[in-house]
Amino acid sequence: TYATAMITNSDNASASALWDIIGQADGLDAANKRFGLTGTSGGDGALWGLTQTTAADQLTLLQQVFGDDSALGEASRTYLQGLMGEIAADQHWGVSAAADGTRWALKNGWLARSSTGLWDINSIGRVTVDGDEYLVATLSNGNTTKAKGISLVEAAAKAAVAAFSAA
50 TYATAMITNS
60 DNASASALWD
70 IIGQADGLDA
80 ANKRFGLTGT
90 SGGDGALWGL
100 TQTTAADQLT
110 LLQQVFGDDS
120 ALGEASRTYL
130 QGLMGEIAAD
140 QHWGVSAAAD
150 GTRWALKNGW
160 LARSSTGLWD
170 INSIGRVTVD
180 GDEYLVATLS
190 NGNTTKAKGI
200 SLVEAAAKAA
210 VAAFSAA
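Counting the sequence shown from 1 gives a position; my numbering is that position plus 49.
So, in structure tokens, the structure goes:
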């Protein structure tokens, strides 16, 4: 399905197809309102990759996917959780770096900005450390390389989880 390819392989053609199916930014904005996201707006026209968001909104979205108090039904949550746990091996980076190696579910995003050549690198998901689960959202921009952006979001995810797991 489009969702499987988009989430597990970051397939842009599938993301574009879903973007059109939901009605582009208007459809995304309506879903975001239903889910309680207040700082996210869809990109113009076909430019879903230029959607603007906040870490707080991404955590709210993760709560919709992983929480019991969700606008999504149980079957939808289970489906999305499964996809986020089956990410392609070459995308096992980002928030998964904060996990203790046993369980994680994630979705990464990356884009080299055409105007600057700098990279936006984002990673959201759920990680398990010592049996405790944490929702983590790391968003970054202005990275000189994709690799540096990945290192940054991984360090941020590790620091966030360490701050809460040590408490």
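Glycine included, each C-beta is placed from N, C-alpha and C at the ideal position.
Are the region 74-93 and the region 143-161 in contact at 8 Å, needing three or more beta carbon pairs?
With a cut-off of 8 Å, the region 143-161 and the region 74-93 do not count as touching, because too few Cβ pairs lie within range.
Going by C-alpha to C-alpha distance, which of Ile170, Gly166, Leu129, Arg162 sits closest to Met55?
Leu129
Output needed for Val178: all residues of its chain with C-beta closer than 8 Å, excluding positions within five of it in sequence on either side, in chain order.
Residues Ala147, Ala148, Asp149, Val210, Ser214 of the same chain have their beta carbon placed closer than 8 Å to that of Val178, with the five preceding and five following residues left out of the count.
Three-state secondary structure (DSSP) at Ser119?
Three-state result, Ser119: coil.
According to the neighbour-count rule (16 or more other Cβ atoms, all chains shown, within 10 Å of its Cβ), is Ala186 buried or exposed?
buried
Can you give me the C-alpha to C-alpha distance between Thr100 and Asp93, rounded to a whole angstrom?
Cα to Cα, the separation comes out at about 8 Å.
If we ignore side chains and look at the alpha-carbon of each, how far apart do Trp153 and Asp181 end up?
11 Å
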